[in-house]
Amino acid sequence: MKTLTEKIEEKVKQAFEAAGYDPGLGHVSVSNRPDLCEFQCNGAMAGAKKYHKAPFLIADAVAEKLAGDPAFAKAESVKPGFLNLTLSPAFLAQELNEMAGDEKFGYRGEDKPRRVVVDYGGANAAKPLHVGHLRSAVIGESIKRIEKYAGNEVTGDVHLGDWGLQMGLIIEQLRDLKPDLPYFDPEHTGPYPDEPPFSISELEKIYPAASARAKKDAAFAARAHEATLKLQSGDPACTAIWHHIMNVSRKDLKKNYDSLNVHFELWKGESDVQPIIPGMVKDLQDRGIAHVSEGAVVVDVAQDSDKIEIPPCLIQKSDGAALYATSDLATILDREEKLRPDRYIYVADKRQALHFTQVFRTARKAGFVKPETELLYVGFGTMNGKDGKPFKTRDGGVMRLENLVADITDAVRQKMAGSDDLPEDEMEATARKVGLAALKYGDLSNQASKDYVFDPERFSSFEGNTGPYILYTIVRINSILKRYRSEGGTLEKDERRIGAPGSEVEKDLDLCLSRFPEVMETARQELAPHRICQFMYETADAFSKFYTHVKILTEPDEARKKSYLSLLTLVRDLLTVCTDLLGIEVPERM
RNA sequence: GUGCGUGUAGCUCAGCGGAUAGAGCGUUCGCCUCCGGAGCGAAAGGCCGAGGGUUCGAUCCCCUCCACGCACACCA
């Protein structure tokens with residue numbers, strides 16, 4: 063179905079035309095003076111010059127044409143040449159009923175379904191998730207859900223960092239810790255054990271220790287480098303260890319992402335694409351797209367239209383090793399073969415902007431993707447502490463993601479202590495859900511591209527524009543609906559009918575809800591979850607005002623009561639859809 | 001140095017060509033015999049970083065400058 067603004071705009075354009083003016087002037091937007099009207103059109107002022115006429119004369123003529131339309135309670139021309147539109151209550155109610163009856167509440171979704179790959183998460187094998195991974199996971203998951211809701215066929219790929227020097231570091235550190243393992247016995251023949259030689263907690267200690275050691279101990283660093291090369295050339299012992307690292311690590315990462323309610327369709331990694339790299343590099347050189355420069359293989363990606371100089375994309379080091387860009391390019395080839403995406407979305411730290419420009423240009427230049435394939439990059443800002451600097455633990459270290467979640471869950475649990483008497487286990491599960499909501503909403507309500515200040519106290523507050531407050535609103539509505547049913551009331555789908563608003567607060571709530579399809583439209587186009595957050599808060603706010611001013615369950619007029627309850631149902635449904643789009647779960651009670 | 005990004009209320013952030021620039025927190029006043037007060041009503045608080053320009057109209061577009069952040073081939 064068409065969005066409300068589109069429907070109104072259509073009418074206004076017709077009116078412009080009927081009055082003898084260019085219908086293109088009839089652009090309509092939500093009023094920025096809600097005290098005066100609900101929608102506005104400023105086209106008369108834009109057209110004043112063209113027609114050599116005072117703008118208010120044009121607006122007057124258009125308003126006159128709109129006068130008889132039952133959709134409007136008022137269509138008036140004001141001062142310099144504004145066209146102020148107020149909907150008739152019946153028209154507004156009709157709009158809401160159409161929305162309520164629609165599967166996606168009036169959101170059309172994408173005109174034709176696309177195949178979309180979302181590359182997010184970006185975890186590294188053998189390293190615990192830390193705060194740096196939070197944004198990619200949370201934003202990526204939300205974008206993925208938004209794309210799905212738009213009707214697209216979406217694949218999320220965690221794209222693990224599983225092939226770098228870290229593997230060599232772990233192998234060599236393990237050699238020193240457990241020299242008796244068969245992997246380090248040069249005499250060993252036959253298969254290696256199936257059991258991993260370490261647990262996840264051991265593995266998590268091995269890596270940081272090795273990494274720190276390599277910085278001081280040049281000999282150790284050289285060994286690690288050597289081991290990495292051996293792994294990359296297929297050495298059986300190194301490969302066996304690598305498989306253990308991957309199995310242990312992947313299992314743990316999956317568990318951690320699951321607990322964040324972040325799920326990937328694919329668990330690919332850089333290693334998957336290694337076999338096709340040599341062929342790809344050769345192909346690029348053969349076709350003259352890549353060339354050797356200072357010993358390295360590069361692709362020139364500068365374009366004439368550039369105002370600045372974009373440095374060439376480096377795809378092979380002078381020692382022959384592949385790089386970040388190389389594996390990203392090979393991954394594109396791989397995805398083209400297996401998934402044929404119409405749209406690629408990369409969710410990564412905004413400091414990687416140049417890298418993605420280079421990769422995208424190379425992919426296009428080499429013809430790896432079709433010209434119409436969209437290559438998109440969502441660069442997100444840093445999560446800062448209250449001091450405005452990147453978020454750290456108290457002693458200056460990197461905070462593990464699970465500790466961060468635990469902290470915010472604690473904060474939530476404390477605030478919930480005085481509320482409902484929930485049984486212990488439900489309390490725990492609820493605190494967890496609310497905590498995650500606090501964390502995710504706190505993140506997603508900011509524009510992704512900007513840095514933001516992480517303030518657990520503020521995010522976990524149950525007041526104001528926060529995740530917990532949104533959840534509270536949903537839970538509260540559910541509680542009212544439940545109460546109504548427990549008192550014998552019924553509200554089957556065919557009984558639901560939202561009536562014309564009978565008060566200002568009700569009308570405001572109606573108008574707010576009616577914007578959902580447009581909000582979704584912009585959220586998808588801009589890949590901007592914060593638009594959804596904004597909608598949610600406005601809705602929750604409008605609901606609270608409505609709720610305090612209108613008695614619902616004690617309303618004597620039965621039809622009106624059902625109308626209120628139908629409206630509440632729609633509020634609840636829309637908010638629930640939105641929480642789901644953000645990857646937030648709603649508890650039963652809180 | 002070159003380029004990109006950011007600068008909006010005390011703090012955290014929306015808005016980004018229109019009429020009186022919004023919200024949350026914080027502050028100050030009101031409102032709990034009432035469907036979950038985790039709320040509602042009100043007040044105070046802004047040369048929208050500075051200066052030019054384009055426009056009937058600029059927080060928004062263009063130019064210059066200032067401040068901060070970030071990136072600039074063999075890390076990912």
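Numbering (the working numbering) for the first sequence: 63 to 652.
Built from N, CA and C at the ideal position, the CB exists for glycine as well.
Note that this is a predicted model, so its numbers are computed, not measured.
* **alpha helix (DSSP H) segments (min. 4 residues) lying fully within the segment 308-395** => 339-348
* By a C-beta neighbour count over all protein chains shown, 10 Å radius and 16 as the cutoff for buried, is Asp-173 buried or exposed? -> exposed
* To do: Following the continuous alpha helix (DSSP H) through Arg-405, name the residue where it begins and the one where it ends.
  => Premise fails: Arg-405 lies in the beta strand (DSSP E), 405-411, not in any alpha helix (DSSP H).
* In DSSP terms, what Gln-476 is bridged to -> Paired residue(s): none; Gln-476 is not in a bridge.
* Are three or more beta carbon pairs between the segment 100-114 and the segment 80-91 nearer than 8 angstroms? -> yes
* **Cα-Cα separation between Thr-419 and Val-360, rounded to whole angstroms** => 14 angstroms
* Asked: How many angstroms separate the CA atom of Asp-297 from the CA atom of Pro-340?
  -> 18 angstroms
* From the DSSP output, in three-state form, read off Val-200 for me. => helix
* Please report the Cβ distance between Ile-351 and Cys-300, rounded to the nearest whole angstrom; I am assuming they are in contact, meaning their Cβ atoms lie under 8 angstroms. => Not confirmed; about 33 angstroms, so no contact.
* Where does Asp-381 land, buried or exposed, given buried means 16+ other C-beta within 10 angstroms? -> exposed
* To do: May I ask you to report which of helix, strand or coil DSSP gives Pro-117?
  => helix
* **Euclidean distance between Cα positions of Ala-276 and Ala-284** => 8 angstroms
* To do: Grab me the residues of Ala-491's own chain with a C-beta within less than 8 angstroms of its C-beta, minus the 5 sequence neighbours each way, in chain order.
  => Pro-649
* Are Asp-219 and Gly-183 close, meaning C-beta to C-beta below 9 angstroms? -> yes
* **DSSP state of His-221 mapped onto helix, strand, coil** => coil
* **Environment of Pro-579 [buried if 16+ CB atoms lie within 10 Å]** => buried
* **Spatial neighbours of Leu-463 in its chain, beta-carbon cut-off 8 angstroms, leaving aside the 5 residues before and after** => Pro-190, Leu-191, His-192, Val-193, His-195, Leu-196, Asn-318 and Leu-322
* To do: Whole angstroms is fine: what's the gap from Asp-396's alpha carbon to Tyr-609's?
  => 54 angstroms
* Which of helix, strand or coil does DSSP assign to Gly-230? -> helix
* Val-92 (DSSP reduced to helix, strand or coil) -> strand
* **Nearest-angstrom Cβ-Cβ length linking Ile-539 and Leu-632, presumed shorter than 8 angstroms** => Wrong, their Cβ atoms sit about 10 angstroms apart, outside the cutoff.
* To do: Spatial neighbours of Arg-237 within its chain, please: CB distance less than 7 angstroms, with the 5 preceding and 5 following residues excluded, ordered by chain position.
  => Phe-246
* To do: Quick one: measure Cβ to Cβ for Glu-568 and Val-612, integer angstroms, because I've assumed they're closer than 8 angstroms.
  => 6 angstroms
* Asked: Of all the options Lys-502, Glu-165 and Ala-562, which has the alpha carbon lying nearest to the alpha carbon of Ala-212?
  -> Glu-165
* Ala-425 versus Leu-416: straight-line alpha-carbon distance, rounded -> 14 angstroms
* Asked: Is DSSP giving His-250 helix, strand or coil here?
  -> coil
* **Separation of Tyr-169 from Leu-437, as counted between CA atoms** => 25 angstroms
* Touching or not, the segment 492-508 and the segment 575-593, by the rule of three or more beta carbon pairs under 8 angstroms? -> yes
* Asked: Can you tell me whether Glu-157 is buried or exposed, with buried defined as 16 or more other CB within 10 angstroms of its CB?
  -> buried
* Using the beta-carbon count (16 or more within 10 Å), is Thr-552 buried or exposed? -> exposed
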